[in-house]
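To keep things clear, I will list the structure first and then write my remarks on it.
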Amino acid sequence: MRARTLPHALLLLAGLSMAACAADGGTGFAEPDAGCTGPSCRTIDAGTEPEAATVDGGEAGAPLMVCDVKTFGAVGDGKAKDTRAIQAAIDACAASASGGVVKLHDGTFLSGTVKLASNLVLDIAPTATLLGSQNPADYPDQNPPFQSSQLGNCKRALVYAEGATHVRIEGGGTIAGNARGVADWNGNKIKEALRPMAVFVAGGTDVTVQNLTVKDAATWAVVVMEVTHAAIRKLTVSTDLGPTHDGIDVVDGRDVVVEDCNVTSGDDSICLKSGSVRGLHDVVVRRCQTNQSGVANGVKLGTASVGAFENILVEDVAIRNAQSAAMAVESVDGALVSNVTFRRITVDNTGTPFFVLLGSRDRDPTRVGRIDGLAFENITGRNLRYAWGSLVTGTKIADTTFGISNIAFRNIDIAFKGSGIPANPAPFTDDNFPEYQGPVPGRAGQFYNQYPDAKFIAGTGGGENIAYHGPGWGFFLRHASNVSFQNCKVTVSPVDPRPWLDTKDTVAVTGTCGP
6 MRARTLPHAL LLLAGLSMAA CAADGGTGFA EPDAGCTGPS CRTIDAGTEP
56 EAATVDGGEA GAPLMVCDVK TFGAVGDGKA KDTRAIQAAI DACAASASGG
106 VVKLHDGTFL SGTVKLASNL VLDIAPTATL LGSQNPADYP DQNPPFQSSQ
156 LGNCKRALVY AEGATHVRIE GGGTIAGNAR GVADWNGNKI KEALRPMAVF
206 VAGGTDVTVQ NLTVKDAATW AVVVMEVTHA AIRKLTVSTD LGPTHDGIDV
256 VDGRDVVVED CNVTSGDDSI CLKSGSVRGL HDVVVRRCQT NQSGVANGVK
306 LGTASVGAFE NILVEDVAIR NAQSAAMAVE SVDGALVSNV TFRRITVDNT
356 GTPFFVLLGS RDRDPTRVGR IDGLAFENIT GRNLRYAWGS LVTGTKIADT
406 TFGISNIAFR NIDIAFKGSG IPANPAPFTD DNFPEYQGPV PGRAGQFYNQ
456 YPDAKFIAGT GGGENIAYHG PGWGFFLRHA SNVSFQNCKV TVSPVDPRPW
506 LDTKDTVAVT GTCGP
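Our numbering runs 5 ahead of the 1-based position in the sequence shown.
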């Protein structure tokens, strides 16, 4: 991962408190009543005309602004709409050659979309909440200047940045989408395209979203799309209001780190996607915890998979309470998946630990991807919900086979759930377990028009019903080559008549797993 370098102006922003007030210890932006006497601590009289404080020391001697939204008319009572005041503060800082800090503090600020600019810090203090309006009209459509399959229903946001450089969203406070009663499990669903994300960064370079609570988003919570050099860290995300409520989504881009985040979601908790041929490269997800993934997966690559997923590392992640898979890797839109590693992952109460699928949704019939180079290392799993086993498969379309290769399972310790039916034969043999393919008319016997997800494919939609499970209680490998099992332990309970491993159309499957 390449080292990230912030420009001189933002390095100064990070050190304002330390430079002006040694007593503050440099741990944040000092408040005027904290004994601070430096220029960064100027008190602004709320009764005067809106004006930004200035701090000496910007690049080429330019002043660095600190813009308190209250001086621009923000009320912060959670009732009056503060969108214009917040945007005015942003625009004032953006007009400075050196950028600046927009501060929200001591209040609940009701708002529609606010649009950030380059060289800007949106500082939401621990005493502040940025609260989303429940009026769809307060969120205009955004149209980033690039094409992506993921922009169809991703055009609105509470906090939005487009093509910006050197942006930080931070401060220890809360961004609340306020979607309960608007988009939730109780059937309150406005049209998906009208629902705003909590944070949406579209394009740009050097973006950080950190030290915040993000909750109750109306759709995906935190989205970074087509960004180079991005950091998402120390977020507490709680957006478990229903399907389509992902936690953290990274869509295309390069050099991205997601770390030290705690996610509770109604859909995928941490999802890496590709909606364009640019693809997603050089990504690290580490030291995160997913508490609930609703109807979906803990950490997923896909389902959107147009461009490549290359050099992806997911490590030291605890995955709990996911209805589908703990770890899912899907190429169904033409993506190359290579050099992807999951390591030191703990799994608890999920549908299945692993789900790997190469297929085609026929969105572009000329494109079928490739999975070549995938490793799962030091994985433990307990309390699995269903007796699906883990499906690891390529696909066969008409008479052409598209295989997966170079898949490694090392130091695996999984307690699989069995069917509890000791005498009955396996419901599916490997010869009649359906292939995955998207909506192709006349292809009976395949997963016709089925969303590519473990609960539909590995479990074939059957939940706990043994009649819908695959031919192996541990793993079912199909259309695969060079798959290895090293130092693996797998057990099953209750009893199950199926083998721990079933294979079809495989070459060079090595190693074994014992109890």
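From the three backbone atoms N, C-alpha and C, an ideal C-beta is built for every residue, glycine too.
Asked                                                                                                                                   : Found
Buried or exposed by the 16-neighbour rule on C-beta atoms within 10 Å, applied to S498                                                 : exposed
Endpoints, the alpha helix (DSSP H) within which T213 is located                                                                        : Note, T213: premise wrong, no alpha helix (DSSP H); beta strand (DSSP E) at 202-220.
Spatially closest choice to A459 from T405, P520, T355, L136, by CA coordinates                                                         : T355
Ranges of the beta strand (DSSP E) found wholly within the segment 246-299, counting only runs of at least 3                            : 253-264, 267-270, 275-279, 285-298
Reduced DSSP category for P439 - H, G, I as helix; E, B as strand; rest coil                                                            : coil
Limits of the beta strand (DSSP E) - the one that A420 falls within                                                                     : 409-422
Three-state secondary structure assigned by DSSP to L170                                                                                : Checking the displayed sequence, the identity of residue 170 turns out to be Thr instead of Leu. T170: strand per DSSP, three-state reduction.
Inter-stretch contact (C-beta, 8 angstroms, three-pair minimum) for the segment 284-299 and the segment 162-180                         : no
7 angstroms CB neighbourhood of G477 in its chain, flanking five on each side removed                                                   : G394, R503, P504, W505, L506, D507
Inter-stretch contact (C-beta, 8 angstroms, three-pair minimum) for the segment 235-247 and the segment 148-165                         : no
For A309 and D338, believed in contact at Cβ under 8 angstroms, the rounded distance                                                    : 6 angstroms
Inside the segment 355-408 only - beta strand (DSSP E) runs reaching at least 3 residues                                                : 375-387, 395-398, 400-402, 405-407
Inter-residue Cα distance where the pair is V212 and V304                                                                               : 22 angstroms
Proximity to M230 [Cα-Cα], best of P457, T224, R259, D251                                                                               : R259
As assigned by DSSP and simplified to three states, the class of A90                                                                    : helix
DSSP state of I195 mapped onto helix, strand, coil                                                                                      : coil
Within the segment 70-124, ranges of the alpha helix (DSSP H) (whole runs, at least 4 residues)                                         : 88-99
Simplified DSSP assignment, three categories, for A223                                                                                  : coil
Under 8 angstroms between C-beta atoms of A90 and A100                                                                                  : no
Reduced DSSP secondary structure (H/G/I, E/B, other) of S153                                                                            : coil
Residues sharing a beta bridge with S498, DSSP                                                                                          : K422
Integer-rounded CB distance, given that N183 should sit under 8 angstroms from L136                                                     : 5 angstroms
Per-residue burial, R200 [other beta carbons within 10 Å of its own, 16 or more giving buried]                                          : buried
Ordered list of beta strand (DSSP E) runs contained in the segment 300-357, each at least 3 residues                                    : 304-310, 314-336
Residue nearest to A331 in terms of C-alpha spacing, selected from V361, I402, T406                                                     : V361
Contacts around S489, its chain only, beta-carbon distance under 6 angstroms, and the 5 residues preceding and following it disregarded : A413, T515, G516
Same chain, Cβ closer than 8 angstroms to I95, five either side skipped, listed in chain order                                          : C72, V107, V119, K120, L121, A122, L125, L127
Nonlocal neighbours in the same chain, by C-beta distance under 6 angstroms from N411, ignoring five residues either side               : D377, G378, N487
Minimum C-alpha distance to N344 - residue among R292, R390, G425, D287                                                                 : D287
Straight-line Cα distance separating Y144 from A222                                                                                     : 13 angstroms
Residues sharing a beta bridge with Y165, DSSP                                                                                          : K120, F205
Same chain only: Cβ atoms within 6 angstroms of G425, ignoring 5 sequence neighbours per side                                           : P499
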